[in-house]
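For reference, the structure discussed in these notes is given below.
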Amino acid sequence: MAIIFKIRTSRNRLLILPILCFAVLNYTEAQTSPRQPAKLDTFRPGEVWPDVDGNHIQAHGGGIIKIRKTYYWYGEQRGKDLDPQYRYVSCYSSKDLLNWKFMGNVVKMLPPDSLTGRWVLERPKVFYNATTKKYVMYFHIDDRQYKVAQVGIAVSDKPDGEFSYVKRFRPLGQESRDIGQFIDDDGTPYLVFEDRPNGFHIAGLSDDYMDVVKDMTLVKAHMEGGAIVNYEGLYYSIGSGLTGWKPNPNKYSTAPTLEGPWTEFKDIAPPEANTYGSQSTMLIKVVGTKKTTVIYMGDMWKPSTQWDSRYLWMPLEFIDGKLRLPQPRPWKLNIKTGEVTFPDEK
Ligand code: GAL
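Residues 14 to 359 (this note's numbering) make up the sequence shown, in order.
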């Protein structure tokens, strides 16, 4: 870059020199500091999803809560360079569900009490209790063979603070592997848990959220990755088959109340698409000024390169009490109005 100018008077020289130094310093800094990634405006299902610092989001099998205007996304931290002794839960925050800031690992845990060897901590879900002012995290805790089949609880005073481990147990005395969370429109929290011998439960929590106390329903289907939404007066539950991290055709059922009766399970997408390579994790309802949009939040697991596991988020289609996960493609969400657009379809 050549800068050609003439310095005519000594007064001008005095002014121009500091400006020149400033410009050169700024130019050098711009060349050496990492480039801030641009703000995202489009959801791109299945692609690497950078957080605001440009790192692929690590929040697998996650759960999301909204505190005032901020969403918090908690999930399994499966980053590449973690200490293998620990299990981690990450926390991200966002105002638009698209641009996420990494708030840190809010859980970094050694195996608690008598749990030894290779153990698992999966599918963390956080509930905020407005009475106790505590953030209560549930997670699936297990041994490597998945025989323990319990939930664990950890608690924090802040959404992005350190969560302290409290206890582990079998909810309602039953086996519990994959868990899901559902907060109804009136704020009542429910834990969804997969009980292998029986089916999947939707269960109410105690007043302090520290226990699972009320079985709302036992859906006698062998489904995991359980997710629920209440949309236009009907409850929809989604779950996946029991094929581990391998995708399968996820299904849904509906009921007028959480107690049921639940309909037969039907495919959410053409069965040969295997849920477009994803597994259900949660359903997020965005109530906008013009439209209510329900987002299917799915994981695309990569078992041997877990840090590279992706996400499939798509707005669901509802027609006459039927639900459909459309073909994944780029989409935009107006977080204020709730409206969705597809930029490639003009
Ligand atoms: C899946 C489950 C995941 C994880 C995985 C391990 O069935 O949904 O959360 O447990 O198995 O194989």
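The beta-carbon is built from N, C-alpha and C at its ideal position, and this holds for glycine as well.
Rounded straight-line distance, which links the Cα of residue j to that of residue i
| i | j | result |
| --- | --- | --- |
| A162 | E245 | 34 Å |
| S322 | D312 | 7 Å |
| P137 | G88 | 6 Å |
| G165 | V225 | 11 Å |
| N142 | V168 | 11 Å |
| D198 | R337 | 22 Å |
| I251 | I241 | 6 Å |
| P269 | G76 | 24 Å |
| I348 | P58 | 18 Å |
| M223 | V149 | 7 Å |
| Y324 | T294 | 10 Å |
| F35 | M116 | Confidence at F35 is low in this model, with a pLDDT of 46, below 50, so the placement of that residue should be treated as unreliable; the coordinate-derived value is given next. Cα-Cα distance, rounded: 34 Å. |
| T201 | G193 | 14 Å |
| M122 | R157 | 16 Å |
| R131 | V232 | 31 Å |
| W258 | W314 | 6 Å |
| P172 | N112 | 18 Å |
| T230 | H73 | 27 Å |
| L128 | N118 | 22 Å |
| L218 | Y203 | 6 Å |
| Y248 | E330 | 14 Å |
| R209 | Y99 | 27 Å |
| A286 | D357 | 22 Å |
| G174 | T55 | 29 Å |
| Y101 | P124 | 11 Å |
| H214 | Q340 | 29 Å |
| R181 | V139 | 15 Å |
| T256 | K264 | 14 Å |
| W320 | V65 | 17 Å |
| W62 | W326 | 11 Å |
| F355 | A216 | 37 Å |
| D220 | K359 | 49 Å |
| T145 | S317 | 41 Å |
| Y84 | E352 | 18 Å |
| G10 | Y151 | Any question about residue 10 goes unanswered here, given that the chain covers just 14 to 359. |
| I159 | E135 | Residue 159 is actually Tyr in this sequence, not Ile. Going by the C-alpha atoms only, they are around 11 Å apart. |
| I80 | H69 | 24 Å |
| F195 | M310 | 13 Å |
| I308 | W344 | 11 Å |
C-beta contact flag for residue i and residue j at 8 Å
| i | j | result |
| --- | --- | --- |
| E207 | G239 | yes |
| T361 | K304 | Here the chain has residues from 14 to 359 only, and residue 361 is not among them. |
| E277 | S253 | no |
| S291 | P262 | no |
| P328 | T302 | no |
| Y105 | K93 | no |
| T288 | G334 | no |
| H378 | R183 | With the chain covering 14 to 359 only, the question about residue 378 has no answer from this structure. |
| K108 | K82 | yes |
| L296 | L110 | no |
| Q8 | Q49 | Look at the range of the chain in this structure, 14 to 359, and you will see that residue 8 is not part of it. |
| N133 | F176 | The question names Asn, but residue 133 is Val in the sequence shown. No. Outside cutoff. |
| D228 | L185 | yes |
Residue i CB to nearest heavy atom of the ligand GAL below 7 Å
| i | result |
| --- | --- |
| D208 | no |
| W258 | yes |
| L271 | no |
| D321 | no |
| L255 | yes |
| G76 | no |
| G238 | yes |
| E135 | yes |
| D224 | no |
| D191 | yes |
| Q158 | no |
| Q292 | yes |
Bridge partners - residue i, DSSP secondary structure assignment
| i | result |
| --- | --- |
| N142 | K147 |
| W62 | Looking at the DSSP assignment, W62 forms no beta bridge with any residue, so it has no partner. |
| V353 | L346 |
| D312 | Q292 and Y324 |
| N118 | S103 |
| I192 | F206 |
| Y85 | I78 and S106 |
| I166 | Y151 and K180 |
| T306 | V299 |
| L336 | F331 |
Could you tell me which whole beta strand (DSSP E) segments of length 3 or greater appear in the segment 198 to 265? 202 to 208, 212 to 218, 225 to 232, 237 to 244 and 247 to 253
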